[in-house]
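Each number in the working numbering corresponds to the 1-based position in the sequence shown with 628 added. Structure first, commentary second.
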Amino acid sequence: MLYGVAKTHNITGGIAITSSKYSHASKKFADLKPDEIAVYDRSDILRWIEKYRWNNDEKP
Numbered sequence: 629m630l631y632g633v634a635k636t637h638n639i640t641g642g643i644a645i646t647s648s649k650y651s652h653a654s655k656k657f658a659d660l661k662p663d664e665i666a667v668y669d670r671s672d673i674l675r676w677i678e679k680y681r682w683n684n685d686e687k688p
């Protein structure tokens, strides 16, 4: 559904995040269109936060 809305409005980028998990079908669909859609679930976001949460001068 999100993909259809993006195509209708000519959106060229965006982020869809869930605090849960995407279904296997959703991930498979995103894999078919890597230049158009990416899905990130809870574990992906937690890794991203851990990597980028500190400024260089703030790291413990």
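Think of the CB as a built atom: it goes at the ideal place given N, C-alpha and C, for glycine as much as any other residue.
Go ahead and pull the three-state DSSP assignment for residue i.
i    : result
Y631 : helix
A666 : coil
R675 : helix
Quick one, are the C-beta atoms of residue i and residue j less than 9 Å apart?
i    : j    : result
A634 : E664 : yes
Y668 : T646 : yes
S648 : R670 : yes
K661 : Y631 : yes
Give, in chain order, every unbroken run of the alpha helix (DSSP H) that is at least 4 residues long and sits entirely within the region 633-660. The region 633-660 contains, as complete alpha helix (DSSP H) runs of 4+ residues, the segments 652-660 (chain order).
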